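Notes to accompany the following structure.
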Ligand SMILES: [Zn+2]
Ligand SMILES: [Zn+2]
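Numbering (my numbering), first residue to last: 8 to 83.
This is the structure in structure tokens:
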């Protein structure tokens, strides 16, 4: 069964690659731009068009110094 063991290796390599991607995706900090952080402190969302657009996609505005995805702090 050389064929199946080969496909197993491919699968193993693929999952290792995927795990590496997840790790790589985890590394960068999720950071909001200064203007957005300021607005959030006041209990508001940033009104900059660029930030609003980025927020729609679930991202922090990179134009304003943000990076990564918006992490919503769950308030109960
Ligand atoms: Zn902003
Ligand atoms: Zn912005």
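By construction, the Cβ of each residue, glycine as well, lies at the ideal position given by its N, Cα and C atoms.
Everything numeric in this text was worked out from a predicted model, so none of it was measured.
>> Tell me the rounded alpha-carbon separation between residue 37 and residue 73.
In response: Rounded to the nearest angstrom, the two C-alpha atoms are 8 Å apart.
> Is residue 46 closer than 7 Å to residue 53 when the C-beta atoms are compared?
Replying inline: Contact: yes.
> Do residue 48 and ligand 2 come close, with the Cβ less than 6 Å from some heavy atom?
Replying inline: Residue 48 Cβ: outside cutoff for every heavy atom of ligand 2.
> Where does residue 38 fall in DSSP's three states?
Replying inline: DSSP, reduced to helix, strand and coil, places residue 38 within a strand of the structure shown.
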